[in-house]
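Colleague: Dumping the structure here so I can ask a few things about it.
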Amino acid sequence: MFTVNSNFDSGNIHFVGESNNELQLEIRNDRYSEYFQWFHFSVTGEQGSTLRCCIRNAGQAAYLEGWPDYRVCFSYDRKTWHRLDASFDGSNLRFDTKLSANTIWFAYFEPFSYEQHLALIAKAQQHEDVSHQVLGQTLDGRPIDLLKIGQDAKNKPVIWVTARQHPGESMAEHLIEGLLDELLGQSELATQLRAQAVFYIVPNMNPDGSVRGHLRTNAAGMNLNREWQSPSIEKSPEVFWVRAKMLAEGGDMFLDIHGDEALPYNFVAASEGVANYSPYMAKLENAFRDSLLKRSDQFQVQYGYDVDAPGEANHTVGSNWMGNQFKTLALTLEMPFKDNANAPSPEFGWNGDRSQQLGKDMLATVLDLLPLIERG
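Counting along the sequence shown from 1, when you hit position 315 you're at 315 in the UniProt record's numbering, and nothing is skipped either side.
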């Protein structure tokens with residue numbers, strides 16, 4: 001006898017029943033949307049018993065290429081998350097394990113809870129160089145949190161880092177946690193960055209979707225990363241208020257942090273196809289890639305998205321809108337839901353700790369690029 005529960009922060013699963021000694025499960029759609037793929041649930045049963053799970057609507061999920069070679073995340077203490085083999089037959093995702101305690105938690109990726117988000121904000125705001133600002137409210141009434149780091153000065157570059165427009169991409173907020181730990185520390189790197197630049201960081205663009213257990217959308221079913229040309233307070237206040245702040249403060253570098261379901265690599269997507277693309281933007285993009293290749297052994301440039309042809313970029317996408325609007329470096333950084341195929345970790349896959357380290361490494365690249373920035 002097993003008990004299935006997903007009634008908690010970022011929980012998502014529907015228990016259909018038990019058949020042939022296998023739990024029959026289905027992932028719920030994002031509200032007002034056809035998207036689904038994120039799952040997060042617990043199962044309680046007899047210690048030592050064999051648990052078999054079948055997610056029977058996996059074949060209708062948003063990204064079918066996300067299932068081959070995917071390994072499920074599981075935890076017994078909700079702190080350390082391991083990986084478990086899974087099989088996908090085109091329709092069903094199956095996995096099984098022997099319970100080493102009564103209750104086990106499963107997730108599509110290591111979660112980053114709203115409580116962790118609040119703790120991240122509370123910790124950061126205590127630093128003398130940090131101010132916490134609330135830009136507005138989400139549709140569910142949550143604050144849209146912004147951390148400003150560094151003191152204003154006329155010639156200081158302005159660096160924007162946004163994360164988790166797609167709420168199921170929890171690795172993005174793990175990266176932000178690592179980035180903040182480094183940036184607010186006492187290393188020479190951190191001291192130089194705080195002295196030479198001003199950072200505007202939005203750790204979670206989509207807290208409603210995160211808490212609701214969504215993969216891609218906010219509480220109104222909107223994909224925030226397609227709202228940047230014409231956001232509205234009624235449907236996409238998260239983008240509306242962050243975009244307004246960007247227009248008010250300006251920016252010299254924009255980094256939007258995401259996760260990719262299919263590709264088992266860390267990579268960046270640039271703004272090659274935007275209307276205002278320039279040699280200056282290309283120079284910064286190449287410099288960023290070259291630097292991060294040296295700074296992190298987890299980054300690569302061989303695999304990634306197809307490059308947009310000139311003038312063919314989708315300007316509703318965040319980094320494309322940012323690059324085109326401010327005529328400067330704007331990148332989407334993608335991390336894997338699976339593992340980094342270039343540096344596999346069979347026990348953990350790509351996870352929160354590795355995402356944090358990439359965030360720390362990325363700061364060294366930001367410092368490398370500061371001398372190249374041309375302020376208008």
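Every residue gets a Cβ at the ideal spot worked out from N, C-alpha and C, and that includes glycine.
(1) Exposed or buried, what is Asn21 when buried is set at 16 or more other beta-carbons lying within 10 Å of its beta-carbon?
(2) Quick check on DSSP: helix, strand or coil for Trp160?
(3) Which residue marks the beginning of the alpha helix (DSSP H) containing Met322, and which one marks its end?
(4) Taking all protein chains shown into account, do 16 or more other C-beta atoms lie within 10 angstroms of the C-beta of Lys98, making it buried, or fewer, making it exposed?
(5) Within the chosen definition, does the stretch 265 to 275 reach the stretch 76 to 89 through at least 3 CB pairs nearer than 8 Å?
(6) Under the assumption that Ala330 contacts Ser271 (Cβ atoms under 8 Å), give the Cβ distance between them as a whole number of angstroms.
(7) What separation, rounded to the nearest whole angstrom, lies between the Cα atoms of Leu189 and Thr3?
(8) Going by DSSP in three states, Met222 sits in which element: helix, strand or coil?
(9) Compute the distance between the beta-carbons of Met171 and Phe74, then report whether it is under 8 Å.
(10) Is the beta carbon of Met281 sitting closer than 8 Å to the one on Gly323?
(11) On the three-pair Cβ rule with 8 Å, is the stretch 312 to 323 touching the stretch 256 to 270?
(12) Throw me the rounded Cβ distance for the Val161 and Ile121 pair, which I believe falls under 8 Å.
(13) Please state whether DSSP places Pro231 in a helix, a strand or coil.
(14) Within 10 angstroms of its Cβ, does Thr50 collect 16 or more other Cβ (buried), or is it exposed?
(15) Smallest Cα separation from Arg295: which of Val307, Val366 and Val242?
(16) At what residues does the beta strand (DSSP E) containing Gly178 begin and finish?
(17) Counting only runs that start and end within the stretch 230 to 305, where is the beta strand (DSSP E) found for 3 or more residues in a row?
(18) Please name the residue, chosen from Ala58, Val307 and Asp181, that lies closest to Gln126 on a Cα-to-Cα basis.
(19) Which whole-angstrom value describes the C-beta separation of Ser236 and Met246, a residue pair presumed to lie in contact below a C-beta threshold of 8 Å?
(20) With a 10 Å radius around its C-beta and 16 neighbouring C-beta atoms as the bar for buried, classify Pro346 as buried or exposed.
(21) Are Ser355 and His82 close, meaning C-beta to C-beta below 8 Å?
(22) Using the Cα positions of Gln357 and Asp96, report the straight-line distance between them to the nearest angstrom.
(23) Beta carbon of Leu184, beta carbon of Ala124: below 8 Å?
(24) I think Trp105 touches His214, with their Cβ atoms under 8 Å apart; what is that distance to the nearest whole Å?
(25) From Leu292 to Val268, what distance separates their C-alpha atoms?
Modeller: The short version:
(1) Exposed: under 16 other Cβ atoms inside 10 Å.
(2) When secondary structure is reduced to three states using DSSP, Trp160 falls in the strand class.
(3) Looking at the DSSP string, the run of the alpha helix (DSSP H) that includes Met322 is Gly318 to Phe326.
(4) It counts as exposed.
(5) Between the stretch 265 to 275 and the stretch 76 to 89, the count of Cβ pairs shorter than 8 Å is below three; the stretches do not touch.
(6) With a beta-carbon spacing of about 5 Å, Ala330 and Ser271 fall inside the 8 Å limit used to define contacts.
(7) The alpha-carbon of Leu189 is positioned some 49 Å away from that of Thr3.
(8) In the structure shown, Met222 sits in coil (DSSP, three-state: anything other than H, G, I, E or B).
(9) Cβ distance not < 8 Å, so Met171 and Phe74 don't count as in contact.
(10) Against a cut-off of 8 Å, the Cβ pair of Gly323 and Met281 comes out as a contact.
(11) Under the Cβ criterion (8 Å, minimum of three pairs), the stretch 312 to 323 counts as touching the stretch 256 to 270.
(12) Not a contact, Cβ separation roughly 14 Å.
(13) Pro231 falls in the coil class under three-state DSSP.
(14) Its Cβ having fewer than 16 others within 10 Å, Thr50 is exposed.
(15) Nearest to Arg295 by C-alpha distance, out of Val307, Val366 and Val242, is Val366.
(16) Here Gly178 belongs to no beta strand (DSSP E); instead the alpha helix (DSSP H) covers Met171 to Leu183.
(17) Fully enclosed beta strand (DSSP E) runs of 3 or longer: 253 to 260 and 267 to 269.
(18) Taking only the C-alpha atoms, the option nearest Gln126 is Asp181.
(19) The Cβ separation is near 14 Å, so there is no contact.
(20) It counts as exposed.
(21) Not closer than 8 Å, so no.
(22) Linking Gln357 to Asp96 through their CA atoms gives a straight-line distance of about 31 Å.
(23) Yes, they are a contact pair.
(24) The Cβ separation is near 18 Å, so there is no contact.
(25) Between Leu292 and Val268, the C-alpha separation is close to 10 Å.
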